[in-house]
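Peer 1: The following block contains the structure, expressed as structure tokens.
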Amino acid sequence: MSKRIEEKKLSFKVILYRISLVFLVFLIGLIIYSDAEIQQKFAVNRWLVPAKIYARPMTFMEGSRLTVTQLEQELQLLNYRQVIKANRPGEYERYDTDFIIHARGFQFADGFVPARKISLTISGHALTKAKLLDQPESFSTLRLDPALIGRANPLVSEDRELVSLKKVPPYLLDALLVSEDRDYYDHWGISLRGIIRALGQNISEGKVTQGGSTLTQQLVKNYFLTNERSLWRKGREAIMAMILEWRYDKDEILEAYINEVYLGQQGGKAIHGFGRASRFYFDRDITELSLSQAATLVALVRGPSYYEPRRHPDRALDRRNLILDQLLEHDRITDVQWEDARQKSLQVVPASKTGKSRMPAVMGMVRLQLKQRYTLEQLNHQDLSVFTSIDPLVQEKAEAALSQRVSWLVQNLPATSQALQGAIIVSDRRNGDILAVVGDKDPDFDGFNRAIHAYRQTGSAIKPFVYLSALERASRFNWISKLDDRSFSLTATDGSRWEPQNYDKTEHGEVPLNQALVHSYNLSTARLAMQLGIDTLVDSLYQYGFERELKAFPSLALGAQEMSPYELLKLYQVLATGGMEVESSVVKAVITAEGQLLDRYPATAEQVVSAESVYLVNLMLQQVVQEGTAKWTPSRLKQLSLTGKTGTTDELKDSWFAGFGNDYLAVVWLGMDDNQPTGLTGATGALRVWSDFMLQMESTPLDLQSPSGIVFAKTGWFGDCVPFVAGYVPEDYSECD
């Protein structure tokens, strides 16, 4: 009997040993697996934080062009609030044309600028006073924080702003540790006292209702695991917390927690980390938080929805005050600090607009350029800040001009299809910076970006460059050179015939060169191109900055080559800048999450064609607007001496207009995605969109400065003064007085 008992005991020990061995092997395997998971995910690739894309910041320089309306639109876009006394960042005061703006602190490409007050005075269309208030420091540039356009990866559902531990105010760290994990710097990832307390509560209730989690465990749960309430999940959480503490030091783990913790919701985006929460709730950089504000953010850790300060201010206030009491109790703040902080209101700003981009065409162009310079790993994980040249006020006007005019055309012209589409792209006339990109009549549509991807024949919009190439050869061509505007035909090597016609189906005989462009005669333009030589024209277009392959056919002179609005804009930039080919990236600078400058992309310029020949073409383009194919232009625009050229393709499939004023160059295209006829010419379609935009944006007449190499001459006493390149004035002409 005793032998049998001994055998049973031995058998039980063997089973227990085997079970223990299996459990030990399983535990070791779990530890090894968890360690590998932590190293792979935590050490190498902590967060999916796509690059933030910003518009240009509004900059204040005395004497620069600025209206009260423009300033208020910018302030509204940035969610600044008009108040009686601007005591907090994100607020402003207005006294007629005088403003006091409490600008937010912001990490610009050239350094961090703290919150500060700016005093502005606007007179008419100019900023007459701009100075810094209440601070002895002198900033070289006065500016507002830029508008956030969007993220490089819009599919990410989390929004965070990574911050280093040294940027976090000490009282925020104290509040977090006092309220959530007082023994943080003493434990190894788990707190036995917390676990025992939570275990007793869970056993008494018969289910998992409470946890004894340390900050490290909370980080593990949020970053690696789920919110499932089970003993298995709690066990894994404890093991991974201890591994994390073994692998990394306390400050590194705390910094990770600071950036990971969930603190609220903005539309479809989850707010993670104290850096982003500081801006979301207080419009402040985390370095500028007050003690009471820091305590409010820490209050959200226990329940972002339950303590949401905008919806449940009483709950949030009670929780904040409890945290302040704990800070005082543990000697982390003084009585004076405690009393001052408790007397303050929550100070939470109204909820801002959701972070969804309203500029999908802009984002498409930015992403295209970024992908040429950065890896997807960098763009998706390094929390880069990307600063662009996009002007949100110009973008808004461009969007409105396109969408409203296309809608008008569809409603008022019966032959115009509902499927009519369009694009507009705008640059700074002087430096080539891209200011606005609209790729669809619905500016919010995130799809095919016609501004940069729609390649369509340009029609007569390409003609100025035929004339530019001719006038560059001043010994052969000038303003009054006679061109033959009579019909002709050419037979290609494959037997096909090319017989160009004028739009009005009329021949005009012998015409002056300038009038051939002003009235957009096809026959004389085609003959001019053949006089030049089609290969010469191709070389000229490459010289002016066109980059894709061109086919040397005579029809090139009449716009048979397909181009995108962006490509045509780059060509017209040569005219707008007096003969300079400008290389200007929409991306201007990129910085890291720590504010380190990675890259800056300044504009470069090279003189590729003489200023004299460009001036002659631009004078003709002014005549196009005054009396030529663009004479439909409203009278107020005529007073601004704008330049431009229409473009219409065969069967009215494409409607183009490209031109510039004193400040802006814009190219507009209208057409059908299936390349069906629109029933619109360049003048009846695209020109109207362009005019709507320019009416909103331009206020100063364009003054084309005559280069030193231009002289004006006339025949007889009463002849008109005509511009010529110096040294090439006809013998029967004499210089004007």
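Numbering-wise, the working numbering puts 499 at position 510 of the sequence shown, and it's gapless, one number per residue.
Ideal Cβ placement from N, Cα and C applies to all residues, glycine included.
Within this structure, are the beta carbons of leucine 137 and phenylalanine 49 separated by less than 8 Å?
Peer 2: no
Peer 1: Using CA coordinates, which residue listed in Ser180, Asp163, Asp372, Val209 is at the minimum distance from isoleucine 42?
Peer 2: Ranking Ser180, Asp163, Asp372, Val209 by Cα distance to isoleucine 42 puts Asp372 first.
Peer 1: Quick one: Cα of methionine 609 to Cα of aspartate 380, how far?
Peer 2: So the alpha carbons of these two residues sit roughly 30 Å apart.
Peer 1: So valine 563 and methionine 569 are in contact, right, with Cβ under 8 Å, and what is the actual spacing, rounded?
Peer 2: Contact between valine 563 and methionine 569 holds: CB atoms are separated by about 7 Å, below the 8 Å threshold.
Peer 1: Look at the Cβ atom of proline 554, then the Cβ atom of isoleucine 414, and state whether they are nearer than 8 Å.
Peer 2: yes
Peer 1: Contact check, threonine 632 vs valine 614 under 8 Å by CB: the rounded distance?
Peer 2: 7 Å
Peer 1: In angstroms, rounded to a whole number, what distance separates the CA positions of tyrosine 653 and glutamate 687?
Peer 2: 8 Å
Peer 1: Pull up the CB-CB distance for tyrosine 81 and isoleucine 73, whole angstroms please, since I reckon it's below 8 Å.
Peer 2: About 11 Å separates the beta carbons of tyrosine 81 and isoleucine 73, which is beyond the 8 Å limit, so they are not a contact pair.
Peer 1: Give the range of the alpha helix (DSSP H) segment to which glutamine 400 is assigned.
Peer 2: 381 to 401
Peer 1: Less than 8 Å separating the beta-carbons of leucine 676 and threonine 635?
Peer 2: Going by C-beta atoms, leucine 676 is nearer than 8 Å to threonine 635.
Peer 1: Does the region 617 to 630 come close enough to the region 665 to 681 that 3 or more CB-CB pairs lie under 8 Å?
Peer 2: yes
Peer 1: Would the beta-carbon of asparagine 369 fall within 8 Å of that of leucine 37?
Peer 2: yes
Peer 1: Could you tell me the alpha carbon to alpha carbon distance between phenylalanine 97 and lysine 106, rounded to whole angstroms?
Peer 2: So the alpha carbons of these two residues sit roughly 17 Å apart.
Peer 1: Counting beta carbon pairs with one atom in the region 457 to 464 and one in the region 655 to 668, are three or more of them shorter than 8 Å?
Peer 2: With the cut-off at 8 Å, the region 655 to 668 and the region 457 to 464 do not touch.
Peer 1: Leaving out five residues on either side along the sequence, give the residues of the same chain with a beta carbon under 7 Å from the beta carbon of histidine 497.
Peer 2: Closer than 7 Å at Cβ, skipping near neighbours: Asp474, Tyr510.
Peer 1: Thinking C-beta only, is serine 630 closer than 8 Å to leucine 691?
Peer 2: yes
Peer 1: Quick one: using the 10 Å Cβ neighbour count with 16 as the cut-off for buried, is valine 527 buried or exposed?
Peer 2: buried
Peer 1: First and last residue of the alpha helix (DSSP H) that includes tryptophan 706?
Peer 2: Looking at the DSSP string, tryptophan 706 is not in any alpha helix (DSSP H), and its letter there is neither H nor E.
Peer 1: Straight-line CA distance for glycine 139 to threonine 495?
Peer 2: 52 Å
Peer 1: Tell me whether the region 284 to 297 and the region 248 to 267 touch, counting them as touching only if at least three CB pairs, one residue from each stretch, are closer than 8 Å.
Peer 2: yes
Peer 1: On the three-state DSSP scale, how would you describe glutamate 488?
Peer 2: coil
Peer 1: Answer yes or no: do alanine 259 and aspartate 148 have a C-beta to C-beta separation smaller than 8 Å?
Peer 2: yes
Peer 1: Could you tell me whether the Cβ atoms of alanine 141 and leucine 359 are closer together than 8 Å?
Peer 2: A distance below 8 Å separates the beta carbons of alanine 141 and leucine 359.
Peer 1: If I measure Cβ to Cβ from leucine 64 and keep anything under 7 Å in the same chain, skipping five residues before and after, which residues do I get?
Peer 2: Tyr81
Peer 1: Have a look at His176, Ala425, Arg299 and flag the residue whose alpha-carbon is nearest the alpha-carbon of aspartate 238.
Peer 2: His176
Peer 1: Look up valine 714 in the DSSP assignment and give the residues it is bridged to.
Peer 2: Ile699
Peer 1: May I ask you to verify whether the region 434 to 454 touches the region 644 to 653, counting CB pairs closer than 8 Å and requiring at least 3?
Peer 2: Segments in contact, yes.
Peer 1: Under 7 Å from any heavy atom of the ligand GDP, does the C-beta of glutamate 488 make it?
Peer 2: Absence of the ligand GDP is noted for the structure shown, with no ligands found whatsoever.
Peer 1: On the three-state DSSP scale, how would you describe glutamine 199?
Peer 2: Residue placement at glutamine 199 cannot be trusted, given a pLDDT of 46 that sits under 50; the coordinates are not used to answer.
Peer 1: Measuring CA to CA, which of Ala594, Val167, Lys156, His319 is closest to lysine 559?
Peer 2: Ala594
Peer 1: What does the alpha-carbon distance come out to for the pair tyrosine 174 and valine 157?
Peer 2: C-alpha separation (whole angstroms): 17 Å.
Peer 1: Using C-beta distances below 6 Å, list every residue in its chain close to alanine 404, excluding the 5 sequence neighbours before and after it, in chain order.
Peer 2: Gly668
Peer 1: Taking only three categories from DSSP, how would you classify aspartate 474?
Peer 2: In this structure, aspartate 474 counts as strand in the three-state DSSP scheme.
Peer 1: Can at least three beta-carbon pairs, one atom from the region 534 to 546 and one from the region 428 to 437, be found at a separation below 8 Å?
Peer 2: no
Peer 1: Please determine if the region 245 to 255 and the region 264 to 278 are in contact, where contact requires at least 3 C-beta pairs separated by less than 8 Å.
Peer 2: yes
Peer 1: What do you reckon, are the CB atoms on glycine 353 and serine 573 nearer than 8 Å?
Peer 2: no
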